[in-house]
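Using the working numbering, read the sequence shown as starting at 250 and increasing by one per residue.
A quick write-up on the structure given underneath.
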Amino acid sequence: MLSGSWPGELYLFKRKPNGTFAAPEKLKSGLMSTLNVGRASAVAAADWDGDGDADLIVGNIDGQVWLLTNEGTKQKPSFSRKEQLKAKGQAIKDDGGDAGPCVADWDGDGKLDLLLGSGSGSVVWYRNVGTATKPELAAPVNLIEKATSPWEGKADLTRSCVRAKPAVADWNGDGRPDLLVGDFVSVGKDRENREQHGWVWVYLQKGTVTAKAEALNR
Numbered sequence: 250m251l252s253g254s255w256p257g258e259l260y261l262f263k264r265k266p267n268g269t270f271a272a273p274e275k276l277k278s279g280l281m282s283t284l285n286v287g288r289a290s291a292v293a294a295a296d297w298d299g300d301g302d303a304d305l306i307v308g309n310i311d312g313q314v315w316l317l318t319n320e321g322t323k324q325k326p327s328f329s330r331k332e333q334l335k336a337k338g339q340a341i342k343d344d345g346g347d348a349g350p351c352v353a354d355w356d357g358d359g360k361l362d363l364l365l366g367s368g369s370g371s372v373v374w375y376r377n378v379g380t381a382t383k384p385e386l387a388a389p390v391n392l393i394e395k396a397t398s399p400w401e402g403k404a405d406l407t408r409s410c411v412r413a414k415p416a417v418a419d420w421n422g423d424g425r426p427d428l429l430v431g432d433f434v435s436v437g438k439d440r441e442n443r444e445q446h447g448w449v450w451v452y453l454q455k456g457t458v459t460a461k462a463e464a465l466n467r
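Right under this line is the structure:
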């Protein structure tokens, strides 16, 4: 299991044979240098360049998304090279900040795409219009719109809220990818006595490439 952190370091939790996890290890780019591309890191692992090993795609609080290419092997990864992911030739920077990347084949064309959650609550889809070994990302397509800010006491509790962190799975077994979105929401009119929640929502895909669907918080 991989995890980001508020300071920005990335952690690996190795799975034990009994299903539990070992103590976390900080991922490093070399013998001494700890991997860190910015605060509030959120990390996804995928074979982005199609060479058979896992690369890292990391978002940070500034809304940037970084690709850390594995130049080692599956058994001995090495992440000495990093670059900002681009869409239509421009470095990705979500204006809501707090970028939460997910890598999946959203449109079923056999190529990995980027789905990006935002501090604003939105989730956008960057389609891979390149190849499986040389991805190129198109302009973003909104899957989930921005949320009402919970800090104003106006959170919409019928949908996911801010700090969206998406994952992709065929939740209902209909052969189409669905979205699972973790969020943050603060409930109550009194700012000092609000209940704070981190819910997980399911968005069932109704069409072929859209997540406009019913939402569930259970």
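No residue lacks a Cβ here, since even glycine has one placed at the ideal position from N, Cα and C.
All values reported here derive from a predicted model rather than from experimental measurement.
Rounded C-beta distance between lysine 395 and glycine 370? I'm assuming under 8 Å. Along the sequence shown, one-based indexing puts residue 395 at 146. Along the sequence shown, one-based indexing puts residue 370 at 121. The pair is a contact, with the Cβ atoms about 5 Å apart (cut-off 8 Å).
When we look at the beta-carbon of aspartate 358 and count the other beta-carbons within 10 Å, is it buried (16 or more) or exposed? Walking along the sequence shown from the start, residue 358 turns up at place 109. By the 10 Å Cβ count, aspartate 358 comes out exposed.
Can you tell me where the beta strand (DSSP E) with valine 430 in it begins and where it stops? By 1-based counting over the sequence shown, the position of residue 430 is 181. Where valine 430 is concerned, the enclosing beta strand (DSSP E) stretches over 427-436.
Taking the beta strand (DSSP E) that cysteine 351 belongs to, which residues open and close that run? Reading the sequence shown from its first residue, position 102 is the one you call residue 351. Taken as a continuous stretch (DSSP letters only), the beta strand (DSSP E) holding cysteine 351 covers 349-353.
Could you check whether valine 390 and tryptophan 374 sit closer than 8 Å to each other, using their CB atoms as the reference points? Numbered from its first residue, the sequence shown carries residue 374 at position 125. Numbered from its first residue, the sequence shown carries residue 390 at position 141. Their beta carbons are under 8 Å apart, which means tryptophan 374 touches valine 390 by this criterion.
Is the distance from the Cβ of alanine 295 to the Cβ of proline 326 below 8 Å? Numbered from 1 along the sequence shown, position 46 holds the residue referred to as residue 295. Numbered from 1 along the sequence shown, position 77 holds the residue referred to as residue 326. Taking 8 Å as the Cβ cut-off, alanine 295 and proline 326 do not qualify as a contacting pair.
Which value, in whole angstroms, describes the spacing of the CA atoms of tyrosine 452 and asparagine 285? Sequence index remark: in the sequence shown, residue 452 carries index 203 (1-based). Sequence index remark: in the sequence shown, residue 285 carries index 36 (1-based). Approximately 31 Å, taken between the alpha carbons.
Collapsed DSSP secondary structure at aspartate 362 in the structure displayed: Within the sequence shown, the letter at position 113 stands for residue 362. If DSSP states are grouped into helix, strand and coil, aspartate 362 belongs with the strands.
Report yes if the CB atom of aspartate 477 is closer than 8 Å to the CB atom of leucine 364, and no otherwise. The displayed coordinates of the chain run from 250 to 467. Any statement about residue 477 would go beyond what the structure contains.
Can you have a look at leucine 317 and say buried or exposed, based on whether 16 or more other CB atoms are within 10 angstroms of its CB? Here residue 317 refers to the residue found at position 68 when the sequence shown is read from its first residue. With a 10 Å radius around the Cβ and a threshold of 16 neighbouring Cβ atoms, leucine 317 comes out buried.
Spatial neighbours of glutamate 385 within its chain, please: C-beta separation below 8 Å, excluding the five flanking residues on both sides. The count along the sequence shown starts at 1 and reaches residue 385 at position 136. Within the same chain, and ignoring the five residues on either side of glutamate 385 in sequence, the residues whose Cβ sits closer than 8 Å to its Cβ are Asn377, Val378, Gly379.
What does the alpha-carbon distance come out to for the pair lysine 277 and proline 266? Here residue 277 corresponds to residue number 28 of the sequence shown, with the count starting at 1. Here residue 266 corresponds to residue number 17 of the sequence shown, with the count starting at 1. For lysine 277 and proline 266, the distance between alpha carbons rounds to 25 Å.
What separation, rounded to the nearest whole angstrom, lies between the Cα atoms of arginine 408 and leucine 251? One-based indexing of the sequence shown puts residue 408 at position 159. One-based indexing of the sequence shown puts residue 251 at position 2. Arginine 408 and leucine 251 have their C-alpha atoms roughly 27 Å apart.
Taking the straight line between their C-alpha atoms, what separation do you get for alanine 470 and alanine 289? This structure cannot settle anything about residue 470, because the visible part of the chain is limited to 250 through 467.
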